[in-house]
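Quick note, the sequence shown lines up with residues 4 to 138 if you use our numbering.
Beta carbons: idealized from backbone N, C-alpha and C, even for Gly.
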Amino acid sequence: MDLLEKANQFNKNTLMETLGIEYTAIGDDFIRAKMPVDHRTHQPMGLLHGGATAALAESMGSLGSYLMIDQDNQAVVGIEINANHLRSARKGYVFAEGKLIHKGKTLHVWDIKVWDEREKQIAICRLTNMIIPRP
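Below is the structure:
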């Protein structure tokens, strides 16, 4: 099983599985994913819920940081997320790419861009993760 398959298996029985998030590419300093826009991710008006977009972004950056740490002795916790919603989507999929923009000993900062099937950007997110000793 390759890293991408392992990452998607890691989503079993989690919010990421519930939302249908699927990782599509993983590199040294980036991660890509897609998420369906359907009944699982809609708000009452039939639009993509902003919280689902934020969950996609946080899931991507958290996984990216997790893959960079000493997993036996360290853990990743999100300490701040910001999402600017530029437009919405009603159906299909949204796609996202997260890029690591800062990798310190205790903080990782990710920039995550989200776009729709028409390649229109719908959100830009910033996630800050703290690297802590494993409890």
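Cβ-Cβ separation, residue j to residue i (assumed contact under 8 Å), whole Å
| i | j | result |
| --- | --- | --- |
| residue 200 | residue 32 | The chain is shown only over 4 to 138; residue 200 falls outside these bounds and no answer can be derived. |
| residue 126 | residue 89 | 6 Å |
| residue 53 | residue 113 | Not confirmed; about 18 Å, so no contact. |
| residue 14 | residue 24 | 6 Å |
| residue 72 | residue 134 | 6 Å |
| residue 96 | residue 48 | Incorrect: roughly 19 Å between the Cβ atoms, too far for contact. |
Where the alpha helix (DSSP H) containing residue i begins and where it ends
| i | result |
| --- | --- |
| residue 94 | Segment: none, residue 94 is in no alpha helix (DSSP H) and carries neither H nor E. |
| residue 61 | 53-69 |
| residue 19 | 18-22 |
| residue 50 | It is not in any alpha helix (DSSP H) - residue 50 carries neither H nor E in the DSSP assignment. |
Residue i CB to nearest heavy atom of the ligand GTP below 6 Å
| i | result |
| --- | --- |
| residue 86 | No copy of the ligand GTP occurs in the structure displayed, which carries no ligand at all. |
Residue i - partner residues in DSSP beta bridges
| i | result |
| --- | --- |
| residue 39 | 96 |
| residue 81 | 132 |
| residue 33 | 102 |
| residue 124 | 118 |
| residue 25 | 37 |
| residue 10 | BP columns for residue 10 are empty, so no partner. |
Contact under 7 Å by Cβ, residue i with residue j
| i | j | result |
| --- | --- | --- |
| residue 63 | residue 92 | no |
| residue 57 | residue 86 | yes |
| residue 83 | residue 131 | yes |
| residue 60 | residue 104 | no |
The beta strand (DSSP E) enclosing residue i, as first and last residue numbers
| i | result |
| --- | --- |
| residue 110 | 110-119 |
| query | Counting Cβ pairs closer than 8 Å, one from the segment 74-85 and one from the segment 16-30, do we hit at least three? | reply | no
| Can you find at least 3 beta carbon pairs, one from the segment 103-111 and one from the segment 41-54, that sit closer than 8 Å? | no
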